[in-house]
Amino acid sequence: MTNPVITTVRDSVAVLAVDYPPVNALGPGVPSAILEAIEAAERNADVSAIVFMGAGKTFVAGADINTLERAAWGDPDAACDLHPLLARIEDCSKPVVMAIHGTALGGGLEIAMAGHFRVAAADALLGQPEVNLGIIPGAEGTQRLPRLVGVAKALDMCVTGKPLKAAEAHAAGLIDRVMDGDLVAGAVRFARSVAVTVRVRKTRERDELLGTAEENAPLFAAARELAAKVRRRQVAPGKAIDAITAATTLPFDEGCRRERELFFECVKGEQARALIHIFFAERAVTKIRGLSKDVQPRPISRVAVVGAGTMGGGIATACANAGLAVSVKDATRAALDAGFATIRRNYDATVKRGRLTGDAAAERIARITPVLSYDDVATADLVIEAVFENMELKSHIFRELDAVAKPGAVLASNTSTLDIDALASVTSRPEDVVGLHFFSPANVMRLLEVVRGARTSPDLLATALAFAKRLGKVPVVVANCRGFVGNRMMFPYMYEAQFLVEEGATPEQVDRALTGFGMAMGIFAVDDMAGIDVAWRVRQELGHFQDPSERRPLVADKLYELGRHGQKAGRGWYRYDEQRKPSPDPEVVELIKTTAREAGIPQRSHDDREIVERCLYALINEGARIVADGSVQRASDIDVIYANGYGFPAWRGGPMFYADRVGLREVHDRILQFERDFGPRWAPAPLLTELAQTNRTFRDLDRERS
Ligand code: T1G
């Protein structure tokens, strides 16, 4: 291995650059190379100070998550101990200046905090994102961070995992200076000046911000509340709080030992496995079989959205937030005005919540141009159709787009159910057509299903992936199958929940069991939010329940006919007050009972286990069919879809990973039992049977195929 640390000397300052692409993570051999470079610079009589930085696009982005993964799966030695390195940096007799650009995350920030000074480029990000991986900072971050930024800020950073921008980090005391201009030159100048004038302080000896027990008690209580709110049911945030508590009550070395214990408790836990799985699964989604890295995406600078409704407005907002100029077209002035007013209202609400300044909101709104004609659409590099879910209307629009769009423009549809190939076929350029299935609210939800048509060209696909990244979304490429992937799986899950209530459970009991499992929302609450009418229409579009022998849910159609269309109507499966707070509705309970009586469905009680198993195994069984028919490239793609678009708890790793962890044999046996009890809708997916019988997991399958 070539030395991952490059040392150069500039004006008697040693500049140490970690060069370990792609993100300078602390892979095997990197910490020891840093340590050796520090010692060599300390020994070098021509060097008066040291600048430490990252080569390429970033500072150190943290511990190597590959080794953490190995540790999580049973090899605790894989998680390297950075203590000797950090102590060596902190005890260095020459000032060590950390020069940060890109991201200093996790172990990267922990190294930075062991330095004597920190300077950063204006666009740098600094954070302890370990909770995203189900773990806590494991290299003394919980001990040094509160010593630099105080207990409250350290708690916030370690519980939310959110990084600070350079200016915020400066205000918080985490860095000494934000550098304009050339970072290395600035850092070298800074190092030369501190080498002669400033007494070096070790972070571990700075105890003045640690507060008293009395001062800290309410901070810890608030942090636990925050954790319960933003990271419900997750173990790591509580352990991070425990570790920071140790920082305030124990001497530094003992605090570090306590942190290490808590770190290993997390690493060995099921949640770390699941969240690390999601981390790599999210990075795998853009590696598309047959799509070479050399395929260049088409440049996108102007976007046009056709349709100013909820989805169109959300997509336009997502584009404007990403700095793109976007026109929104609708057919009538009234529709356009209404759509634009909603966009404005949403921005106002964001400003009110303090998430955006008024100026920034105005700047973003100014990027959105409402238009009635196709003139602006004609100059767009990417057109996203987001009109009402109706084939005739969408085909009509695609014909118009084909006539006006410039050559090479991407023609995308935001359809959630319709056949992309059928839409492509009405144009003279099917290779330029792709589905971009956004999830509502489109400016918030991270998931983007990229629907690859039979003739979608490779560079168009690469363009869709690059565009998604630009919007900060997680794109998952799916085949043009009915309902695509997320919804195709959601329907059996939703129907099973409806069968459960028709057999005697109540919507709130089912929802409680599902949120108890960790789902962000119960399925009945989801149905009410998305609209009972929307689900009804999708059922018609997808032709569900055409086979008369198939058991079909009965109550949903009745709710639709009664105009109980969900939240927007103030009533659906639940009743909603002015604030859209749900409460159980006796009328619905009665309707369910009557319907079941008329249909002769026997009534009984259900425990939470049965509810969760029936709903989730319906989801997983369909997922197995999807993997088998190639509608996704890997099982883990489904996990990414469900964790980012359907409120599945990421700390359970997504539905396919969850099935693996339960054990595919057990899942399969239960499904066979359900088949005996409830009939052929529960026939196990052949792939599930195969994996269960050969004692393999979906994860094994992904590895075999990669
Ligand atoms: N380890 C190993 N590989 C990593 C990595 C890491 N820390 N970070 C990124 N990669 C790989 C990633 O898999 C992908 O690989 C490539 O780099 C580019 O990533 C002791 C316990 C840094 C902001 O959580 O947030 O430190 O797919 O596509 O959009 O307390 O990656 O190309 O083969 O995401 O430019 C804490 C995680 C670790 C940072 C860059 N650190 N990474 O984003 O590129 S725990 C993190 C990120 C820790 C200490 C502990 C992002 C990024 P491939 P990318 P990007």
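So for the sequence shown, our numbering puts the first residue at 399; every next one is plus one. Beta carbons are placed, not taken as given, at the ideal position from N, Cα and C, and that holds for glycine. Quick caveat, the model's predicted, so the values are computed rather than measured.
query = What residue does the alpha helix (DSSP H) around L791 start on, and which one ends it?
reply = One-based indexing of the sequence shown puts residue 791 at position 393. Unbroken alpha helix (DSSP H) run through L791: 789 to 802.
message = If you measure between the beta carbons of L799 and V781, is that distance less than 8 Å?
response = Within the sequence shown, residue 799 is the residue found at index 401, counting from 1. Within the sequence shown, residue 781 is the residue found at index 383, counting from 1. Yes. Within cutoff.
query = According to DSSP, is K727 helix, strand or coil?
reply = For the purposes of this step, residue 727 is identified with residue 329 of the sequence shown, where counting begins at 1. Three-state result, K727: strand.
ask   = Less than 8 Å separating the beta-carbons of D830 and A807?
value = Here residue 830 refers to the residue found at position 432 when the sequence shown is read from its first residue. Here residue 807 refers to the residue found at position 409 when the sequence shown is read from its first residue. Yes, Cβ-Cβ distance for D830 and A807 is below 8 Å.
inquiry  = If you reduce the DSSP assignment to three classes, tell me which class P982 lands in.
reply    = Sequence index remark: in the sequence shown, residue 982 carries index 584 (1-based). Residue state, collapsed to three classes: strand.
ask   = Curious, which full-length alpha helix (DSSP H) runs of at least 4 residues does the stretch 603 to 652 contain?
value = 611 to 628, 634 to 647
query = Can you find a heavy atom of ligand 1 that lies under 7 Å from the Cβ of G504?
reply = Working through the sequence shown from its first residue, we reach residue 504 at position 106. Within the cutoff, so yes.
message = Can you determine whether any heavy atom of ligand 1 sits closer than 7 Å to the C-beta of N788, and answer yes or no?
response = Start at 1 with the first residue of the sequence shown, and residue 788 comes out as number 390. Checking the Cβ of N788 against ligand 1 gives no.
message = Could you compute how far the alpha carbon of G970 sits from the alpha carbon of M892?
response = To locate residue 970, count along the sequence shown from 1; it is residue 572. To locate residue 892, count along the sequence shown from 1; it is residue 494. Whole-angstrom Cα-Cα distance: 15 Å.
key: Distance cut-off 7 Å: A537 Cβ against heavy atoms of ligand 1   = Along the sequence shown, read from residue 1 onward, the residue named residue 537 stands at position 139. A537 Cβ: within cutoff of ligand 1.
query = For S591, which three-state DSSP category applies?
reply = The residue given as residue 591 occupies position 193 in the sequence shown. Helix, per DSSP.
message = Measuring only the C-alpha atoms, how far is P429 from G506?
response = If you number the sequence shown from 1, residue 429 lands on position 31. If you number the sequence shown from 1, residue 506 lands on position 108. Using only the alpha carbons, I get a separation of about 11 Å.
key: beta strand (DSSP E) segment containing P561, residue limits   = On the sequence shown, position 163 is the one that residue 561 refers to. Premise fails: P561 is in no beta strand (DSSP E) and is neither H nor E.
message = Quick check: does the Cβ of R681 come within less than 7 Å of any heavy atom belonging to ligand 1?
response = The count along the sequence shown starts at 1 and reaches residue 681 at position 283. Under cutoff, so the answer is yes.
task = Could you tell me the distance, in whole angstroms, from the CA atom of H1004 to the CA atom of A895?
result = Locating residue 1004 in the sequence shown gives position 606, counting from the first residue. Locating residue 895 in the sequence shown gives position 497, counting from the first residue. Going by the C-alpha atoms only, they are around 12 Å apart.
ask   = Less than 7 Å between the CB of T501 and some heavy atom of ligand 1, yes or no?
value = Working through the sequence shown from its first residue, we reach residue 501 at position 103. The answer is yes for T501.
ask   = So, using beta-carbon positions, are R1002 and E1088 closer together than 8 Å?
value = Taking the first residue of the sequence shown as position 1, residue 1002 is located at position 604. Taking the first residue of the sequence shown as position 1, residue 1088 is located at position 690. Judged by beta-carbon spacing, E1088 lies beyond the 8 Å limit of R1002, meaning their Cβ atoms are not closer than that value.
inquiry  = With H, G and I counted as helix, E and B as strand and the rest as coil, what does DSSP make of P951?
reply    = Position 553 of the sequence shown, counting from 1, holds the residue named residue 951. Correct three-state label for P951: coil.
query = By Cβ distance below 7 Å, which residues in the same chain neighbour E680 in space, the five residues on each side in sequence not counted?
reply = On the sequence shown, position 282 is the one that residue 680 refers to. Within the same chain, E680 has close Cβ partners V872, V1038.
query = Do you know offhand how far I533's Cα is from A619's?
reply = Counting from 1 along the sequence shown, the entry for residue 533 is found at position 135. Counting from 1 along the sequence shown, the entry for residue 619 is found at position 221. Looking at the two C-alpha atoms, the distance is approximately 20 Å.
task = Tell me whether T601 counts as near ligand 1, meaning its Cβ is closer than 7 Å to at least one heavy atom of that ligand.
result = Taking the sequence shown and counting its residues from 1, the one referred to as residue 601 is at position 203. No, since every heavy atom of ligand 1 falls outside the 7 Å radius drawn around the Cβ of T601.
inquiry  = Measuring straight from C-alpha to C-alpha, what distance separates L1106 and L617?
reply    = Lying outside 399 to 1104, the shown extent of the chain, residue 1106 is not represented and no answer is given.
query = Out of curiosity, what's the CA-to-CA distance linking G653 and R602?
reply = Position 255 of the sequence shown, counted from the start, is the residue given in the question as residue 653. Position 204 of the sequence shown, counted from the start, is the residue given in the question as residue 602. Straight-line Cα distance between these residues: approximately 11 Å.
ask   = Is it a yes or a no for the stretch 1047 to 1063 touching the stretch 682 to 690, going by three-plus beta-carbon pairs under 8 Å?
value = no
request  = Consult DSSP for E976 and reduce its assignment to one of helix, strand or coil.
outcome  = Translated into the one-based positions of the sequence shown, residue 976 becomes position 578. Of the three classes helix, strand and coil, the one that applies to E976 here is coil, per DSSP.
key: Inter-residue spacing [alpha-carbon to alpha-carbon] between T992 and P1082   = Looking up residue 992 in the sequence shown gives position 594. Looking up residue 1082 in the sequence shown gives position 684. T992 and P1082: Cα-Cα distance of roughly 32 Å.
ask   = What did DSSP end up calling M892 once you bin it into helix, strand or coil?
value = Translated into the one-based positions of the sequence shown, residue 892 becomes position 494. In this structure, M892 counts as helix in the three-state DSSP scheme.
DSSP bridge partner residues for V875 (one or two, in chain order) = Residue mapping note: residue 875 aligns to position 477 of the sequence shown, counting from 1. For V875, which the question treats as bridged, DSSP gives the partners V848.
ask   = Once you ignore the five residues that flank R575 on each side, which residues in its own chain have a CB closer than 6 Å to its CB?
value = Within the sequence shown, the letter at position 177 stands for residue 575. Excluding sequence neighbours, R575 sits near V517.
query = How many Å lie between Q907 and H481 at the Cα?
reply = Translated into the one-based positions of the sequence shown, residue 907 becomes position 509. Translated into the one-based positions of the sequence shown, residue 481 becomes position 83. Taking the straight line joining both Cα atoms gives about 49 Å.
key: Reduced DSSP category for T815 - H, G, I as helix; E, B as strand; rest coil   = The count along the sequence shown starts at 1 and reaches residue 815 at position 417. Coil, per DSSP.
inquiry  = Please report whether the beta-carbon of E606 lies at a distance below 8 Å from any beta-carbon of chain D.
reply    = The structure shown has no chain D; it contains just one protein chain.
query = Is there at least one non-hydrogen atom of ligand 1 closer than 7 Å to the beta-carbon of D417?
reply = The residue labelled residue 417 in the question sits at position 19 within the sequence shown. Flag unset: Cβ of D417 not near ligand 1.
task = Compare the Cα-Cα distances from N422 to each of K666, F738, I498 and report the closest residue.
result = For the purposes of this step, residue 422 is taken as residue 24 along the sequence shown, with counting starting at 1. Of all alpha-carbon atoms in K666, F738, I498, the one lying nearest the alpha-carbon of N422 is that of I498.
message = I'd like to know if the stretch 408 to 415 and the stretch 438 to 457 are in contact, where contact means that at least 3 CB-CB pairs between them fall below 8 Å.
response = At 8 Å Cβ cutoff, the stretches touch.
message = Mapping the DSSP letters down to three states, classify G688 as helix, strand or coil.
response = As a first step, residue 688 must be located in the sequence shown, where it is residue number 290. Coil, per DSSP.
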